[in-house]
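Chains as they are written, first to last, in this note's numbering: chain A, 1 to 224; chain B, 1001 to 1601; chain C, 2001 to 2221. Cβ atoms here follow ideal geometry from the backbone N, Cα and C, with glycine treated the same way. This one's a predicted model, so the numbers in the text were calculated from it and none came from an experiment. For reference, the structure is listed below as structure tokens.
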């Protein structure tokens, strides 16, 4: 059982570390609260177990304590919420300038990736498609226009900390910037029919030069 | 003056024979007695709990032993599991129906149907519900709804397979799933069940408002009744939203409207908004009564007043309010405007506050108590400790950035089971074992009960705790075979382990079933108040007669006066008059003053 | 036996009415939520897809429905009259006004049925794939095939859902009114026992009120 770890698998995108950091902050906070409350529970159960002739204290509570833990919890959780907003906006709203653009179209049960051709723009005539393979460079953000042809799918790249539902009838912008070349998996995280479990794609992250080579090769192949 | 006579009058109107010589049919089948209806809900829900458990077993078989034939299951039709090997489409039906049946036909009718019916009139000192016949209708609408749901397995195309949330457009047309009639039956069944729930809610709310016994002021209500009252309000206001959405989706499926079908201009995300606008209050419908039951059992078995009664009531009410403005936290990754995501994160974090208040108050109740570890208490303590875990894991998902990674993974499967099984179901076990003597006049077997508790508690944690880890490794929900993904293959031993634990967990429930049936006939006779409890249901015989109370009870104090220094015993029932000359007790408050205002001149 | 002993105490007159009224109010709260869900969906769909919705009065027959709205409002007035009659113990008045309410309610549903069939023949249908609304009168002039389609499928679907659910509520209301009327003929109500008429009135006024909202947002805006 080597997979009972509470550590996250390593992330390979620029904002991955920010998300992971928030996760570990919450893990610490909840971990401490967990140990304290459950510890107190067990302690009370042991300490105040019924004994012969024992009698409970007659008390209806303590308003000061009540105020204290209400305020304490409120400050803690709302503080956590406020502290997380910037990361959320960074990931979901602030798409960086100069990103490489592609279209990913989901349908039962595959991902079609549309790359820009020589003009570098998607949505033009020289675009070309690849099935279930997304290629991206390092050190340059990639902006995905996520679409769906049929039902709702969810575009999930665990190692990039990317997840976004693909909605039919809408184009949703998703971005990330990979930090390490390598092969990563794209999964579908929203039940989309009987082939949901095998709706799998692959993300290949190239070093900047290698990406250019791949792109030229792919364009030449598509032109044939 | 009390308001309770009216219902007695209603009774007399309905039973011209004064209710003594009722036919078998009127007494056990089409009964208007709230206690009988409660038992009917109990038996129906336990049956569906079993069905839901079997569905889970099959699901876990596929995950634990992917694409191997289920032992002794060669008889399955080829459309489900040819040769006992579960097909992907059948797996989707299993996932969908497990969730649907457990939530709508097991947990909800147990908490609301069983405990609402059994406890509300008894705890407030009423002879029955305000509308006994409507109450009967509530149960007899739930039955056909359940039958339709079960029948959907056997129609062409199989049962619904779009998840218990039935996201459109997957659910809006059979084109995408191959399930036509099954999905329609699913929608129809839940629509009918909605009417059943509404009938119950109208009854509960009216009963609590107008049939409380003299002296039973709002702040003398036991917390179970408080929780059930707020729950009834949530049911009343949330279910119609679901019903409307279900019917619109049914129209999309059958006559071809386009509400949720994007190819003709519809909005799939509208379904999600409607579903979760209902769905989040629904989550609290499934946990508030459990919190109430836990509070009653904890105070009783610790022989101590509940810590911070008013804070507990306010927490229930504020959860009831906040539950309406957090639905978007199910939709952070849905394509909803990210700005809305931020506001939903803040409201969701806010709802952690009343939940924390409740937890701390339970701990406060145990502090300096005199704790008796009977079976109901063990289950109630399990509720507290598991609810802590479920609540804390919720913080991860409420946090929008972290949710990006764990949304729709096994982390959320773990979370929902920590709340609904670790929370609600343990509280249900606590409630059933605690009020079993009141329902059947006999105690459940304590030894078997304890063994059942410990095995269930341990196995339950072995099943669901590792699911957090599966989610953190990136395993998605609702996937038929995780081995399709290379990075999930190393998780197979853990998946197999969980499955084996599930099989054991389901098997040990035989202990509960056996104990339950045996105790109905052979259990030790209970007497009227085996737990030395203060609340009114324990002031009448077990089981209580038709009409409940011999005369009108008068309430003199709050429900949790345990170990009071002025009381002779370590409990001080609500209905006992204060000793003569004793100045410590105020006079009983006047009856609910609402009553006469509505009377027409 | 508790029932026997309970009857020894004086029952409070009118409590049953109080419970019934409270129950009806509680039930109407859930009805409010039901129509809130429908109207909310309509608003969301209309804002998201304004191109699906035609100008007011181009497809839907506003004058006819305005008249129908007037009829429904009149039926609320007759319902009030029926309640006033029973409060004064006027049995004949009760029956007469109940009957008037039944007739007006039935008339409303009838007009709605006629309206539906005309709209249907003009291509204004809830079925998305068959939607081809051409507007008032165009179908009769033989231009149906060539005329431009007005609005889109969501217009038809939301129209029939909202008015249809309301129509179902009116129809159920008429059935209940008939039930109340038959009971009134047997003399079930009197000045001291008005409960059934009163809660019938609550429901009927609620349905009326919902219609005024629906008429405004579906037909006029």
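At a cut-off of 8 Å between beta-carbon atoms, residue 1258 of chain B makes contact with chain C. Chain order gives the chain B residues near residue 2029 of chain C as 1236 and 1237, where near means a beta carbon separation below 7 Å. When Cβ-Cβ separations below 8 Å define contact, residue 1170 of chain B makes contact with chain A. Using a Cβ-Cβ distance cut-off of 8 Å, the stretch 2111-2122 of chain C and the stretch 2090-2100 of chain C are not in contact, since fewer than three pairs of beta carbons, one from each stretch, lie closer than that value. For residue 1117 of chain B, no CB of chain A lies under 8 Å from its own CB, so it is not counted at the interface with that chain. Residue 2219 of chain C is not a Cβ neighbour of residue 1210 of chain B, given a cutoff of 8 Å. In summary, residue 1359 of chain B is buried, with 16 or more beta-carbon neighbours lying within 10 Å of its beta-carbon over all protein chains present.
Residue contact with chain B for residue 2026 of chain C: present (Cβ-Cβ distance below 8 Å to some residue of chain B).
Taking residue 1528 of chain B as the centre and dropping the five residues before and after it, the same chain places the C-beta of 1541 and 1542 closer than 6 Å to its C-beta, in chain order.
Listed in chain order, the non-local C-beta contacts of residue 1130 of chain B below 7 Å within the same chain comprise 1007, 1203, 1206, 1207, 1210 and 1211, local neighbours out to five positions each way being set aside.
Assigned with DSSP and collapsed to three states, residue 1526 of chain B falls in coil, not helix or strand. Residues are counted here when their Cβ sits less than 7 Å from a Cβ of chain C; for the stretch 1259-1278 of chain B these are 1259, 1261, 1264, 1265, 1266, 1267, 1270 and 1274, given in chain order. When CB distances to chain B are screened at a threshold of 7 Å, the residues of the stretch 33-57 of chain A falling below it are 33, 34, 37, 38, 40, 41, 44, 45, 48, 49, 50, 54, 55, 56 and 57, in chain order. Chain C places no beta carbon closer than 8 Å to that of residue 1331 of chain B, leaving this residue out of the contacts. Shortest Cα-Cα distance from residue 1095 of chain B to any of B:1141, B:1530 and B:1160 involves B:1160. Here the C-alpha atom of residue 1478 of chain B lies approximately 8 Å from the C-alpha atom of residue 197 of chain A. For residue 188 of chain A, the enclosing beta strand (DSSP E) covers residues 182-188. Nearest CB-CB separation between residue 203 of chain A and chain B: not below the 8 Å threshold. By the CB criterion at 8 Å, residue 1224 of chain B and residue 1115 of chain B fall inside the cutoff. Annotated three-state conformation of residue 176 of chain A is strand, per DSSP.
Residue-level contact check: residue 1098 of chain B does not touch chain A, since none of the beta carbons of chain A fall below 8 Å from its beta carbon. Of B:1179, B:1301, B:1192 and B:1255, the smallest CA-CA separation from residue 2156 of chain C is found for B:1255. Contacts with chain A at 8 Å (Cβ-Cβ) do not include residue 1445 of chain B. Contact between the stretch 1447-1456 of chain B and the stretch 1483-1503 of chain B is absent: fewer than 3 CB-CB pairs across the two stretches fall below 8 Å.
For residue 143 of chain A, the enclosing beta strand (DSSP E) begins and ends at 142-148. Leaving aside the five residues that flank residue 1232 of chain B on each side, the residues in its chain whose CB is nearer than 6 Å to its CB run, in chain order, 1201, 1204 and 1205. The beta carbons of residue 2084 of chain C and residue 1264 of chain B sit about 50 Å from each other, so the pair does not count as a contact at 8 Å. Residue 1400 of chain B has a beta carbon lying within less than 8 Å of a beta carbon in chain A. For residue 1532 of chain B, there is no enclosing beta strand (DSSP E), as DSSP marks it with neither H nor E. For residue 1349 of chain B, the residues of chain A that pass the 7 Å Cβ criterion are 77, 78, 80 and 81, in the order they occur in the chain. Residue 1113 of chain B and residue 2150 of chain C have their C-alpha atoms roughly 49 Å apart. In this structure, residue 1132 of chain B lies away from residue 1548 of chain B, with their beta-carbon atoms at least 8 Å apart. Contact annotation for residue 1138 of chain B against chain C: no contact, minimum CB-CB distance about 13 Å [criterion: below 9 Å]. No residue range can be given for residue 1488 of chain B, since it is assigned to no alpha helix (DSSP H) and is classified by DSSP as neither H nor E.
In the three-state reduction of the DSSP assignment, residue 3 of chain A falls in the coil class. A direct Cα-Cα distance of roughly 40 Å separates residue 1536 of chain B from residue 1246 of chain B.
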